[in-house]
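Engineer: Sharing a structure here in structure tokens format.
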Amino acid sequence: MTTFVVATDHVDTSARLCDYLFDRVDGADELHAVNSLPGEDETDSRDVRDGEEALSVIFSRLGGFATVETRQLVRGNEPVEDVLGVAEEVDADELVIGIRQRGPAARMVFGSTAQRILRRTDRPVVTVPLSAE
């Protein structure tokens, strides 16, 4: 049995992560899909709906092949904190995240969520390429 934590922020991200996971999961595996939103004034009903739809994609595409739990976390944390917190809570064997291709200037100005996850965890992380920004 493998326990995965899958971080998503959009239906397109979810679709790409599901493409990767489709051949990897079986009935004994657990997937914990996480959508993290900042909350308060930074989150509106569209953000919540988009996050729910992103989680729904994972549940609908992989729920027939493995146990899938979805979590939308709206509590003021950075996505890194929420994803790593869930990974710790469920003792994840692997994290699956999307990574967007950025230009060199964008990488120097700010670090991506994916980069911060990679730096802060000792768990295996699979990065699935997403479309360029």
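Numbering (the UniProt record's numbering), first residue to last: 1 to 133.
Ideal Cβ placement from N, Cα and C applies to all residues, glycine included.
#1: Quick check: the segment 19 to 39 against the segment 67 to 82, are at least 3 beta-carbon pairs closer than 8 Å?
#2: Going by the CB atoms, is the gap between R123 and L95 shorter than 8 Å?
#3: What do you reckon, are the CB atoms on I58 and T67 nearer than 8 Å?
#4: To the nearest angstrom, report how far apart Q72 and L55 are at their CA atoms.
#5: Quick one: what does DSSP say Q101 is sitting in, helix, strand or coil?
#6: Using CA coordinates, which residue listed in A87, Q115, T13 is at the minimum distance from H32?
#7: Given a threshold of 16 other Cβ atoms within 10 Å of its Cβ, counted over all protein chains shown, does A92 qualify as buried or as exposed?
#8: So, are the CB atoms of residue 136 and L17 less than 8 Å apart?
#9: Can you look up P38 in the DSSP assignment and give me helix, strand or coil?
#10: According to DSSP, F4 sits in a beta bridge with which residue or residues?
#11: Any heavy atom of the ligand SAH closer than 7 Å to the CB of G98?
#12: DSSP state of M108, grouped into three classes?
Structural biologist: With the structure as the only source:
#1: The count of Cβ pairs closer than 8 Å, one atom from the segment 67 to 82 and one from the segment 19 to 39, reaches three, so the stretches are in contact.
#2: Result yes, Cβ atoms of L95 and R123 sit closer than 8 Å.
#3: I58 places its beta carbon 8 Å or farther from that of T67.
#4: Our two residues, Q72 and L55, have alpha carbons roughly 8 Å apart in a direct line.
#5: Three-state DSSP puts Q101 in coil, outside helix and strand.
#6: The option with the nearest alpha carbon to H32 is A87.
#7: The residue in question, A92, is buried, as its Cβ has 16 or more Cβ neighbours within 10 Å.
#8: There is simply no residue 136 to check, as the chain begins at 1 and stops at 133 in what is shown.
#9: Of the three classes helix, strand and coil, the one that applies to P38 here is coil, per DSSP.
#10: L31, E94, per the DSSP bridge assignment.
#11: The ligand SAH is not part of the structure shown, which contains no ligands of any sort.
#12: Its pLDDT being 49, under 50, M108 is placed unreliably in this model, and the coordinates cannot settle the point.
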